[in-house]
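K.L.:
Before anything else, here's the structure in question.
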Amino acid sequence: MLHAYVIQSSLRQYFSVRRMLPWLVLGIAAAGMGLIWTTLSPGAETMERYSSVSTMLVYRIMVLAAAIFATSIVSQEVEQKTIVYLLTRPIPRASLIISRYLAAALSVAAIGAFGALALGFAVFGPGALQEGQIWRDLGALTLGAFSYCALFLLVTLLINRAMTVCLLFAFGWETTIPSMPGSMYRLSIQSYLQGFAKHPVQDAESPLAKMLGLGEGVASLTPFASAATLIVFTGVVLGVCAWWFSTFEYVPREDAE
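Just so we're aligned: 167 in the numbering used here is position 167 of the sequence shown, and the numbers increase by one with no gaps anywhere.
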(Lines of atoms letter the chains of each structure in order from A and count residues from 1; the text may use other names and numbers.)
(Lines give C-alpha, C1' and ligand atoms only; values in the text may rest on other atoms or scores of the structure.)
Protein backbone atom coordinates (compact mmCIF):
# COMPACT_ATOMS: atom_id res chain seq x y z
CA MET A 1 0.00 0.00 0.00
CA LEU A 2 1.36 3.42 -0.93
CA HIS A 3 1.49 6.07 1.76
CA ALA A 4 0.08 9.45 0.81
CA TYR A 5 2.04 11.15 3.59
CA VAL A 6 5.37 9.95 2.20
CA ILE A 7 4.41 11.01 -1.33
CA GLN A 8 3.21 14.44 -0.18
CA SER A 9 6.24 15.12 2.01
CA SER A 10 8.59 14.00 -0.80
CA LEU A 11 6.75 16.19 -3.32
CA ARG A 12 7.14 19.18 -1.02
CA GLN A 13 10.84 18.41 -0.82
CA TYR A 14 11.28 18.02 -4.58
CA PHE A 15 9.10 20.99 -5.52
CA SER A 16 10.86 23.43 -3.22
CA VAL A 17 11.95 26.68 -4.86
CA ARG A 18 15.61 25.85 -4.26
CA ARG A 19 15.32 22.55 -6.14
CA MET A 20 13.03 23.67 -8.95
CA LEU A 21 14.45 27.07 -9.86
CA PRO A 22 17.51 25.73 -11.79
CA TRP A 23 15.26 23.42 -13.83
CA LEU A 24 12.89 26.25 -14.67
CA VAL A 25 15.87 28.28 -15.88
CA LEU A 26 16.98 25.36 -18.09
CA GLY A 27 13.46 25.06 -19.50
CA ILE A 28 13.44 28.76 -20.36
CA ALA A 29 16.90 28.35 -21.92
CA ALA A 30 15.50 25.59 -24.15
CA ALA A 31 12.74 27.97 -25.23
CA GLY A 32 15.37 30.59 -26.02
CA MET A 33 17.26 28.07 -28.12
CA GLY A 34 14.07 27.41 -30.06
CA LEU A 35 13.81 31.11 -30.84
CA ILE A 36 17.36 31.41 -32.17
CA TRP A 37 17.46 28.02 -33.92
CA THR A 38 16.85 29.61 -37.32
CA THR A 39 20.23 31.34 -37.03
CA LEU A 40 21.91 27.98 -36.37
CA SER A 41 19.95 26.09 -39.01
CA PRO A 42 18.82 28.52 -41.76
CA GLY A 43 15.75 27.39 -43.64
CA ALA A 44 14.52 25.05 -40.89
CA GLU A 45 10.74 24.79 -40.75
CA THR A 46 8.86 25.49 -37.53
CA MET A 47 8.14 21.83 -36.72
CA GLU A 48 11.72 20.82 -37.51
CA ARG A 49 12.99 23.60 -35.26
CA TYR A 50 10.76 22.48 -32.38
CA SER A 51 11.56 18.78 -32.81
CA SER A 52 15.33 19.31 -33.01
CA VAL A 53 15.53 21.49 -29.90
CA SER A 54 13.09 19.25 -28.04
CA THR A 55 15.17 16.14 -28.64
CA MET A 56 18.50 17.88 -28.16
CA LEU A 57 17.68 19.82 -24.98
CA VAL A 58 14.30 19.11 -23.38
CA TYR A 59 14.76 15.33 -23.32
CA ARG A 60 18.33 15.72 -22.04
CA ILE A 61 17.14 18.03 -19.27
CA MET A 62 14.58 15.41 -18.25
CA VAL A 63 17.24 12.67 -18.14
CA LEU A 64 19.57 14.83 -16.07
CA ALA A 65 16.76 15.62 -13.64
CA ALA A 66 15.93 11.91 -13.38
CA ALA A 67 19.54 11.10 -12.48
CA ILE A 68 19.67 13.76 -9.78
CA PHE A 69 16.22 13.16 -8.29
CA ALA A 70 16.50 9.34 -8.36
CA THR A 71 19.81 9.35 -6.51
CA SER A 72 18.21 11.42 -3.74
CA ILE A 73 15.68 8.67 -2.98
CA VAL A 74 18.15 6.42 -1.15
CA SER A 75 21.75 7.13 -2.08
CA GLN A 76 21.66 10.72 -0.82
CA GLU A 77 20.09 9.56 2.43
CA VAL A 78 22.96 7.09 2.90
CA GLU A 79 25.67 9.64 2.19
CA GLN A 80 24.06 12.31 4.38
CA LYS A 81 23.62 9.72 7.16
CA THR A 82 19.84 10.26 7.33
CA ILE A 83 18.95 6.77 6.13
CA VAL A 84 18.42 5.61 9.72
CA TYR A 85 15.68 8.19 10.27
CA LEU A 86 14.06 7.24 6.96
CA LEU A 87 13.90 3.56 7.86
CA THR A 88 12.53 4.13 11.38
CA ARG A 89 9.18 5.16 9.94
CA PRO A 90 6.49 2.51 10.60
CA ILE A 91 6.06 1.90 6.88
CA PRO A 92 6.94 -1.25 4.92
CA ARG A 93 10.16 -0.70 3.03
CA ALA A 94 8.62 -1.57 -0.34
CA SER A 95 5.87 1.01 0.15
CA LEU A 96 8.38 3.56 1.35
CA ILE A 97 10.69 3.33 -1.63
CA ILE A 98 7.87 3.14 -4.20
CA SER A 99 6.18 6.19 -2.66
CA ARG A 100 9.39 8.20 -2.78
CA TYR A 101 10.03 6.97 -6.32
CA LEU A 102 6.60 8.16 -7.45
CA ALA A 103 7.24 11.61 -5.99
CA ALA A 104 10.62 11.81 -7.74
CA ALA A 105 9.22 10.60 -11.08
CA LEU A 106 6.29 13.05 -10.95
CA SER A 107 8.72 15.88 -10.22
CA VAL A 108 10.92 14.92 -13.18
CA ALA A 109 7.85 14.62 -15.42
CA ALA A 110 6.81 18.13 -14.40
CA ILE A 111 10.27 19.45 -15.27
CA GLY A 112 10.10 17.81 -18.69
CA ALA A 113 6.56 19.11 -19.28
CA PHE A 114 7.60 22.66 -18.41
CA GLY A 115 10.50 22.50 -20.85
CA ALA A 116 8.31 21.13 -23.66
CA LEU A 117 5.58 23.71 -23.10
CA ALA A 118 8.03 26.60 -22.82
CA LEU A 119 9.68 25.53 -26.07
CA GLY A 120 6.32 24.96 -27.74
CA PHE A 121 4.98 28.42 -26.92
CA ALA A 122 8.29 29.99 -27.95
CA VAL A 123 8.23 28.28 -31.35
CA PHE A 124 4.53 27.95 -32.20
CA GLY A 125 3.16 30.93 -30.29
CA PRO A 126 -0.22 31.07 -28.48
CA GLY A 127 -1.61 28.15 -30.50
CA ALA A 128 1.06 25.73 -29.32
CA LEU A 129 -1.39 23.42 -27.55
CA GLN A 130 -3.09 22.73 -30.86
CA GLU A 131 0.07 21.00 -32.11
CA GLY A 132 -0.16 17.22 -31.71
CA GLN A 133 3.62 16.90 -31.50
CA ILE A 134 3.67 18.75 -28.18
CA TRP A 135 1.13 16.35 -26.68
CA ARG A 136 3.14 13.37 -27.92
CA ASP A 137 6.23 14.88 -26.32
CA LEU A 138 4.40 15.37 -23.02
CA GLY A 139 3.48 11.68 -23.05
CA ALA A 140 7.00 10.60 -23.99
CA LEU A 141 8.60 12.80 -21.34
CA THR A 142 6.29 11.33 -18.70
CA LEU A 143 7.16 7.79 -19.76
CA GLY A 144 10.82 8.75 -19.75
CA ALA A 145 10.63 10.26 -16.27
CA PHE A 146 9.19 7.07 -14.79
CA SER A 147 11.51 4.77 -16.77
CA TYR A 148 14.74 6.64 -16.07
CA CYS A 149 13.92 7.17 -12.39
CA ALA A 150 13.28 3.45 -11.96
CA LEU A 151 16.54 2.51 -13.67
CA PHE A 152 18.62 5.10 -11.82
CA LEU A 153 17.02 4.09 -8.52
CA LEU A 154 18.12 0.51 -9.13
CA VAL A 155 21.66 1.71 -9.85
CA THR A 156 21.74 3.64 -6.58
CA LEU A 157 20.62 0.54 -4.68
CA LEU A 158 23.34 -1.61 -6.24
CA ILE A 159 26.38 0.64 -6.01
CA ASN A 160 27.70 3.51 -3.90
CA ARG A 161 28.09 6.98 -5.39
CA ALA A 162 25.96 6.03 -8.37
CA MET A 163 25.66 9.52 -9.82
CA THR A 164 28.68 9.06 -12.09
CA VAL A 165 27.26 5.84 -13.54
CA CYS A 166 23.84 7.43 -14.05
CA LEU A 167 25.34 10.42 -15.87
CA LEU A 168 27.52 8.20 -18.07
CA PHE A 169 24.44 6.22 -19.01
CA ALA A 170 22.34 9.35 -19.62
CA PHE A 171 24.82 11.21 -21.80
CA GLY A 172 27.03 8.41 -23.10
CA TRP A 173 24.98 5.28 -23.65
CA GLU A 174 21.73 7.09 -24.46
CA THR A 175 23.46 9.34 -26.97
CA THR A 176 25.36 6.69 -28.93
CA ILE A 177 23.26 3.51 -28.78
CA PRO A 178 20.12 4.80 -30.62
CA SER A 179 22.18 5.67 -33.71
CA MET A 180 24.20 2.42 -33.85
CA PRO A 181 23.53 -0.07 -36.68
CA GLY A 182 21.52 -3.24 -36.30
CA SER A 183 19.17 -3.75 -33.35
CA MET A 184 21.37 -2.07 -30.74
CA TYR A 185 18.92 0.83 -30.58
CA ARG A 186 16.48 -1.44 -28.73
CA LEU A 187 18.79 -1.33 -25.68
CA SER A 188 18.15 2.39 -25.18
CA ILE A 189 15.25 4.04 -23.37
CA GLN A 190 15.77 7.08 -25.58
CA SER A 191 14.96 4.99 -28.66
CA TYR A 192 11.53 4.08 -27.31
CA LEU A 193 10.84 7.66 -26.26
CA GLN A 194 11.58 8.83 -29.79
CA GLY A 195 9.54 5.93 -31.16
CA PHE A 196 6.59 7.16 -29.08
CA ALA A 197 7.06 10.88 -29.84
CA LYS A 198 7.59 10.31 -33.58
CA HIS A 199 9.58 13.45 -34.24
CA PRO A 200 9.62 14.20 -37.96
CA VAL A 201 13.02 13.62 -39.58
CA GLN A 202 13.84 14.84 -43.05
CA ASP A 203 16.80 12.48 -43.50
CA ALA A 204 17.34 9.62 -41.05
CA GLU A 205 20.93 9.27 -42.23
CA SER A 206 21.86 12.90 -41.66
CA PRO A 207 24.46 13.75 -38.98
CA LEU A 208 21.86 15.68 -36.99
CA ALA A 209 19.40 12.78 -37.00
CA LYS A 210 22.11 10.37 -35.85
CA MET A 211 23.24 12.75 -33.11
CA LEU A 212 19.65 13.02 -31.88
CA GLY A 213 19.13 9.26 -32.00
CA LEU A 214 16.58 9.41 -34.81
CA GLY A 215 17.96 6.70 -37.08
CA GLU A 216 16.01 4.31 -39.28
CA GLY A 217 15.79 1.68 -36.53
CA VAL A 218 14.24 4.11 -34.06
CA ALA A 219 11.83 5.35 -36.74
CA SER A 220 10.50 1.79 -37.13
CA LEU A 221 9.26 1.67 -33.52
CA THR A 222 5.53 2.28 -33.19
CA PRO A 223 4.08 4.46 -30.39
CA PHE A 224 2.11 1.53 -28.94
CA ALA A 225 5.06 -0.86 -28.89
CA SER A 226 7.31 1.85 -27.44
CA ALA A 227 4.89 2.69 -24.65
CA ALA A 228 4.23 -0.97 -23.84
CA THR A 229 7.94 -1.74 -23.69
CA LEU A 230 8.68 1.16 -21.35
CA ILE A 231 5.73 0.38 -19.07
CA VAL A 232 6.78 -3.26 -18.72
CA PHE A 233 10.42 -2.28 -18.25
CA THR A 234 9.54 0.25 -15.55
CA GLY A 235 7.31 -2.20 -13.70
CA VAL A 236 9.93 -4.94 -13.67
CA VAL A 237 12.77 -2.64 -12.60
CA LEU A 238 10.65 -1.02 -9.89
CA GLY A 239 9.68 -4.48 -8.59
CA VAL A 240 13.36 -5.42 -8.34
CA CYS A 241 14.04 -2.14 -6.51
CA ALA A 242 11.29 -2.80 -3.97
CA TRP A 243 12.53 -6.35 -3.36
CA TRP A 244 16.16 -5.29 -3.07
CA PHE A 245 15.44 -2.44 -0.66
CA SER A 246 13.27 -4.74 1.48
CA THR A 247 15.92 -7.47 1.59
CA PHE A 248 19.21 -5.69 2.24
CA GLU A 249 20.28 -3.35 5.01
CA TYR A 250 21.36 0.22 4.41
CA VAL A 251 23.54 2.10 6.87
CA PRO A 252 25.10 5.58 6.76
CA ARG A 253 28.38 5.86 4.89
CA GLU A 254 31.16 6.56 7.37
CA ASP A 255 33.40 7.93 4.63
CA ALA A 256 30.80 10.45 3.46
CA GLU A 257 31.72 14.06 4.10
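A virtual CB, placed ideally from N, CA and C, is assigned to each residue, including glycine.
Where do the N-terminal and C-terminal ends of the alpha helix (DSSP H) with F171 fall, by residue?
P.N.:
No alpha helix (DSSP H) contains F171, which DSSP labels as neither H nor E.
K.L.:
In angstroms with no decimal places, state the Cα-to-Cα distance between Q8 and V17.
P.N.:
Going by the C-alpha atoms only, they are around 16 Å apart.
K.L.:
Grab the span of the alpha helix (DSSP H) containing F248 for me, first residue to last.
P.N.:
Note, F248: premise wrong, no alpha helix (DSSP H); not H, not E.
K.L.:
Report whether the distance from the Cβ of I61 to the nearest heavy atom of the ligand HEM is below 6 Å.
P.N.:
Within the structure as shown, the ligand HEM is missing, as the structure has no ligands at all.
K.L.:
What whole-angstrom Cβ distance do L226 and G195 have, given they're in contact under 8 Å?
P.N.:
The displayed chain sequence assigns Ser, not Leu, to residue 226. About 4 Å separates the two Cβ atoms, so the contact holds.
K.L.:
Can you tell me where the alpha helix (DSSP H) with T46 in it begins and where it stops?
P.N.:
From DSSP, the alpha helix (DSSP H) with T46 extends over T46 to V53.
K.L.:
Between the beta-carbon of G144 and the beta-carbon of L193, is there less than 7 Å?
P.N.:
Taking 7 Å as the Cβ cut-off, G144 and L193 qualify as a contacting pair.
K.L.:
Measuring only the C-alpha atoms, how far is E45 from V74?
P.N.:
One C-alpha to the other measures close to 44 Å.
K.L.:
To the nearest angstrom, report how far apart S246 and A94 are at their CA atoms.
P.N.:
Looking at the two C-alpha atoms, the distance is approximately 6 Å.
K.L.:
So what's P181 in DSSP terms, helix, strand or just coil?
P.N.:
Three-state DSSP puts P181 in coil, outside helix and strand.
K.L.:
Would the region 26–36 count as touching the region 155–167 if we require 3 or more Cβ pairs under 8 Å?
P.N.:
The region 26–36, when compared against the region 155–167, does not touch it at the 8 Å Cβ threshold.
K.L.:
Answer yes or no: do V108 and A66 have a C-beta to C-beta separation smaller than 7 Å?
P.N.:
Yes; because the gap between Cβ atoms is below 7 Å, this pair is in contact.
K.L.:
Expressed to the nearest angstrom, what Euclidean distance is found between the alpha-carbon atoms of L64 and V53?
P.N.:
Distance between the alpha carbons of L64 and V53: 16 Å.
K.L.:
Do I91 and A242 have their CB atoms nearer than 7 Å?
P.N.:
Cβ atoms of I91 and A242: not closer than 7 Å.
K.L.:
Pick out whichever of A140, L35, W37 and L151 has its Cα sitting closest to the Cα of A110.
P.N.:
Cα-wise, what sits closest to A110 is A140.
K.L.:
What's the gap between the Cα of A128 and the Cα of F121?
P.N.:
Distance between the alpha carbons of A128 and F121: 5 Å.
K.L.:
Could you check the C-alpha separation between V232 and A104 for me, to the nearest Å?
P.N.:
In a straight line, the C-alpha of V232 is about 19 Å away from that of A104.
K.L.:
Skipping 5 residues on each side, what residues in its chain have a beta carbon closer than 7 Å to that of A113?
P.N.:
Within the same chain, A113 has close Cβ partners L138 and L141.
K.L.:
Nearest-angstrom Cα distance between Y148 and M62?
P.N.:
Between Y148 and M62, the C-alpha separation is close to 9 Å.
K.L.:
So, for F248: in the same chain, excluding its five sequence neighbours on each side, which residues have a beta-carbon less than 6 Å away from its beta-carbon?
P.N.:
Excluding sequence neighbours, F248 sits near nothing in its chain.
K.L.:
Count the other CB atoms, across all protein chains shown, that sit within 10 Å of the CB of V264; report buried if there are 16 or more and exposed otherwise.
P.N.:
No answer is possible for residue 264: it lies beyond the span of the chain, which begins at 1 and ends at 257.
K.L.:
What are the uninterrupted segments assigned as alpha helix (DSSP H) that are 4 or more residues long and contained completely in the region 70–150, given in chain order?
P.N.:
DSSP runs (the alpha helix (DSSP H)) wholly in the region 70–150: 75–79, 83–87 and 93–124.
K.L.:
L193 lies in the alpha helix (DSSP H); which residues open and close that run?
P.N.:
L193 -> alpha helix (DSSP H) spans I189 to A197.
K.L.:
Applying the criterion that 16 or more other CB atoms from any shown protein chain within 10 Å of the CB defines a buried residue, is A118 buried or exposed?
P.N.:
Looking at its Cβ environment, which holds 16 or more other Cβ atoms inside 10 Å, A118 is buried.
K.L.:
Contact defined as beta carbons within less than 8 Å: I believe S191 pairs with V218. What is the distance between those atoms, to the nearest angstrom?
P.N.:
Correct: roughly 5 Å between the Cβ atoms.
K.L.:
Measuring only the C-alpha atoms, how far is R60 from T229?
P.N.:
Going by the C-alpha atoms only, they are around 20 Å apart.
K.L.:
With a threshold of 7 Å between beta carbons, is G239 in contact with chain B?
P.N.:
The displayed structure is made up of one protein chain only, and chain B is not part of it.
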